[in-house]
Amino acid sequence: MEDLNITIKDANELVNKYVSNPITKLHLRETEVIMRALAKKFHEDEEKWGIIGLLHDIDWDLTKDNSTEHCIKCQEILREVEASEFLIETIVSHGYSNEMIPQLKEKLRTTRIQHCLVAAETLTGLIIASALMTNDKKLASLSLHSLQKKFKNKKFAAKCNRELILECEKVSIPLDEFMQIGLSSLQNISDELGF
């Protein structure tokens, strides 16, 4: 895997500098742990995949009121710290084909890590929303079966783009296995997440 030119310590410092919303911070951490689990599955560098997950929405707090800038502003932030172009392009790729981002709407994800990133970061939303529907609002109470049912119910967490989660299949991970990887990853840090 190509170098990122950034360490996990640097990545956490960037998060502390640019992300103030605690919900965004949790989402970044959730994506990090799922990406680490996916790296392990593919025998890839867990730390590098984790860094990519952790930084993927580094510009969200700065752009949430102007969605056309999301995945654009992050390039400036990451170039300032001399992050590699591979890291920048991988992060930007989770905005590919998004109609709200004119510069990216014609672009397509082509690599395994790009498909994994967009699927993982989207899955976090479905998992958390599903956990909040359990009786005790705990990740430990959420079963794979329940998560599968929530995925099929398009009215549940309607803004969660199921097509993006299904990009896991483009890297030969069946949806059920992918959801189990994501659910187990978040259950492992449930105390940290407060769920």
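The sequence shown runs 177 to 371 under the numbering used here. For every residue, glycine included, the Cβ atom is placed at its ideal position computed from N, Cα and C. As the structure is a computational prediction, the values presented were derived from the model and not from experiment.
{"query": "From Cys247, Ile304 and Arg338, residue whose alpha carbon lies closest to that of Ile280", "result": "Looking at the sequence provided, one finds Leu at residue 280 rather than Ile. Among Cys247, Ile304 and Arg338, the Cα nearest to that of Leu280 is on Cys247."}
{"query": "Touch test, the segment 242-261 against the segment 200-208, Cβ-Cβ under 8 angstroms, three pairs minimum", "result": "no"}
{"query": "Assigned secondary structure, Ile210 (DSSP; H/G/I helix, E/B strand, else coil)", "result": "helix"}
{"query": "Three-state secondary structure (DSSP) of Leu284", "result": "coil"}
{"query": "First through last residue of the alpha helix (DSSP H) which encompasses His321", "result": "Leu320 to Lys328"}
{"query": "Buried versus exposed, by CB contacts within 10 Å (16 or more), Leu284", "result": "exposed"}
{"query": "Sufficient close CB pairs (3 or more, under 8 angstroms) joining the segment 194-201 to the segment 339-354", "result": "no"}
{"query": "Own chain residues within Cβ distance below 6 angstroms of Cys344, not counting five before or after", "result": "Ala295 and Phe354"}
{"query": "With 16 other Cβ atoms within 10 Å as the buried cut-off, status of Leu308", "result": "exposed"}
{"query": "Residues near Ala316 in its chain [Cβ-Cβ closer than 7 angstroms; skip 5 each side]", "result": "Gln363 and Ser366"}
{"query": "When Ile267, Phe262 and His219 are compared against Glu297, the one with the closest alpha-carbon", "result": "Ile267"}
{"query": "Proximity of Leu254 and His270 at Cβ, strictly below 7 angstroms", "result": "no"}
{"query": "Chain-order list of residues whose beta-carbon lies under 6 angstroms from that of Leu299 (same chain, five-residue window excluded)", "result": "Ile341 and Gly358"}
{"query": "Cβ pair Thr310, Leu323 closer than 7 angstroms", "result": "no"}
{"query": "Ile228 in three-state terms, based on DSSP", "result": "helix"}
{"query": "7 angstroms Cβ cutoff met for Glu208 and Gly226", "result": "yes"}
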